[in-house]
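Asks: Sequential numbering from 1 applies to the sequence shown in the UniProt record's numbering. Pasting in a structure now, in structure tokens, and then I'll have a few things to ask.
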Amino acid sequence: MDGEQPGKARDSGERRRTEENETRLRRTTHAPAVDDRFSVPLRGVAVDPETRCAHWDDDVDVVALRFGCCGHFSPCRVCHAETVDHDPEPWPRTRFDEAAVLCGVCGATLPARTYLDSSDACPECGAAFNPGCRRHRDRYFEE
Ligand SMILES: [Zn+2]
Ligand SMILES: [Zn+2]
Ligand SMILES: [Zn+2]
1 MDGEQPGKAR DSGERRRTEE NETRLRRTTH APAVDDRFSV PLRGVAVDPE TRCAHWDDDV
61 DVVALRFGCC GHFSPCRVCH AETVDHDPEP WPRTRFDEAA VLCGVCGATL PARTYLDSSD
121 ACPECGAAFN PGCRRHRDRY FEE
């Protein structure tokens, strides 16, 4: 977290500083660049520091998923589509023991198998994951 700077705040600058904070928190990254706030190569649209994005923005939307096509992470498929120029491929079953999920809360990377076996929470920090993701897991993980 950025520290406040007590004494520098003035009422007239309140709105402008808020907008600057929003811009800093939400970042859109297009290939070939990656979002350097994360320990893994990640791209997305309006990504916040916990990997929520323009499309999935609830408290529990705090994972980024790795794609089989490029091996990069994105918060969701729409993010992938809007930031690269190739079609998505799910994470391959032969690589389920490799890190394929990023917890946006603690920064842990989870093997695909660990994520799929988890009970919708991060095994490292306990953060709740969106249970609704199970409905479209076949888009992200090879069946
Ligand atoms: Zn890709
Ligand atoms: Zn997205
Ligand atoms: Zn975590």
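All residues carry an ideal CB built from backbone N, CA and C; glycine is no exception.
Should T94 go down as buried or exposed, given a rule of 16 or more other Cβ atoms within 10 Å for buried?
Replies: Label assigned to T94: exposed.
Asks: Closer than 6 angstroms by C-beta to H55: which residues in its own chain qualify, once you throw out the five before and the five after it? Chain order, please.
Replies: Excluding positions up to five away in sequence, the list reads C76 and V78.
Asks: Output the residues surrounding ligand 2, defined as those with a CB atom closer than 7 angstroms to any ligand heavy atom, in chain order.
Replies: Here the residues come out as G44, V45, C53, A54, H55, W56, S74, P75, C76, V78 and C79.
Asks: Taking 6 angstroms as the limit between beta carbons, can you name the residues of its chain near G68, skipping five residues before and five after?
Replies: Excluding positions up to five away in sequence, the list reads E89, P90, W91 and P92.
Asks: Is the closest heavy atom of ligand 1 to the C-beta of V47 under 7 angstroms?
Replies: For ligand 1, not one heavy atom lies less than 7 angstroms from the Cβ of V47.
Asks: CB-CB under 7 angstroms to F38, same chain, minus the five flanking residues each way: which ones, in chain order?
Replies: For F38, where only same-chain residues beyond five positions count, the Cβ hits under 7 angstroms are L102.
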